[in-house]
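Asker:
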Amino acid sequence: MNVLRTIEEARKRSRAAGSRGARVGLVPTMGALHEGHLSLIRAAKAKSDIVAASIFVNPTQFGPNEDFARYPRDLDRDLGLLEREGVDFVFVPSVEEMYPEQGVTWITVEGLSERLCGKSRPGHFRGVATVVAKLFNIVSPDLAFFGQKDAAQVAIIRRIVRDLNMPVQIEVVPIVRESDGLALSSRNAYLNPEQRKDALVLFGALNGVRELFEKGERGSAALIRAAKADFERIPAVRLDYFEIVDPDDLTPVTAINKRSLVAVAAFLGGTRLIDNIVLEP
Ligand code: PAF
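Under the numbering used here, the residue at position 5 of the sequence shown is numbered 280, and the numbers go up by one with no gaps.
#1: Where Asp324 and Phe331 are concerned, what is the direct C-alpha to C-alpha distance, given to the nearest angstrom?
#2: Report all residues from its chain with a CB closer than 7 Å to the CB of Asp515; omit the five preceding and five following residues, and keep chain order.
#3: How long is the line joining the alpha carbons of Thr383 and Ala404, rounded to whole angstroms?
#4: Using alpha carbons as the reference points, say which of Ala292, Thr304, Arg298, Glu310 lies closest to Ser454.
#5: Note down the Cα distance separating Gln444 from Val302, rounded to an integer number of angstroms.
#6: Below 8 Å CB to CB, which residues in the same chain sit around Asn551 once its five sequence neighbours on both sides are set aside?
#7: When burial is assigned at 16 or more other CB atoms within 10 Å of the CB, is Asp438 buried or exposed?
#8: Pick from Pro556, Glu518, Arg280, Asn463: whose alpha carbon is nearest that of Glu371?
#9: Can you pull the DSSP bridge partners for Gly479?
#10: Which first and last residues belong to the alpha helix (DSSP H) in which Ile316 is found?
#11: Using the Cα positions of Gln336 and Val326, report the straight-line distance between them to the nearest angstrom.
#12: Is DSSP giving Tyr374 helix, strand or coil here?
#13: Is the shortest distance between the beta-carbon of Ser415 and the beta-carbons of chain D less than 7 Å?
#14: If you measure between the beta carbons of Val278 and Val365, is that distance less than 7 Å?
#15: Alpha carbon to alpha carbon, how far is Arg286 from Ala501?
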């Protein structure tokens, strides 16, 4: 497995693969890899000839009071995991390599960037969209793999690919969960044992909504009310949002009459977790 630190090296490696007619699949990550990331790698292996991953904790998608500085980093462990999965090359740029001077060009997906996590994390999706576009320009993948857990991120990336005619196919891989239902996240490492227990309310509330939906409830207001009642029972967890939206443009739906995304974000102390399910009548 090649570990490439510069844009030039990554571009050369990917172009060489492309010129042989190989399909390159890219898995962009911020490291601190877990089974969720490895499921992306396995999906990429199944669909691509060459699998590339990137590890870059992207400063532009963190707000000033967020966890950029303490975001978990363990490059040796991550590289070991990627090597074991048979990744062909990993792009591990420094912040200076990706942002050599104060950049003034950003990608903002109007409307979508301010919905769901974008509401409480202003600038987050602008940072995500911009770094993903940069990675696509550097690696030129034929396919790129993202997790369903970041459903709003998926909607935004699909939109930039469509609006900017990027020649890359976006593949979305299902959420991987712990045996008790907690969605895997690099940020789960921040939770103390009490918070780890409380965190189950996210998936619990989503499941509650699914049960009501399966019994015939379609109204978003009633479904959201039931979910919020679950959160009220655990005061240590502060709900950021619980919304039912169109999965493509992230606008709220009043009733689940078509495929809809039920998305939640909540704080456990300083740790913000997200989760979602998709319901289809
Ligand atoms: O999902 C992530 O880990 C990040 O948002 C991504 C897509 C790697 C961009 O930094």
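For glycine and all other residues, C-beta sits at the position ideal for the given N, C-alpha and C.
Just so we're clear, the structure is a prediction, and the values are computed from it rather than from any experiment.
Answerer: Taking the definition as stated:
#1: 23 Å
#2: Ser395, Ala540, Ala541, Phe542, Arg547
#3: Their backbone Cα atoms lie some 7 Å apart in a straight line.
#4: Looking from the CA of Ser454, the closest CA among Ala292, Thr304, Arg298, Glu310 belongs to Glu310.
#5: Those two C-alpha atoms are separated by around 12 Å.
#6: Gln423, Lys424, Ala426, Ile450, Leu481, Leu536, Val537, Ala538, Val539
#7: exposed
#8: When each option's Cα is compared against that of Glu371, the closest is Arg280.
#9: DSSP lists no partner for Gly479.
#10: 310-322
#11: 25 Å
#12: Looking at Tyr374 - three-state DSSP - the assignment turns out to be coil, as it is neither helix nor strand.
#13: Absence of chain D from the displayed structure is noted, only one protein chain being present.
#14: yes
#15: Straight-line Cα distance between these residues: approximately 50 Å.
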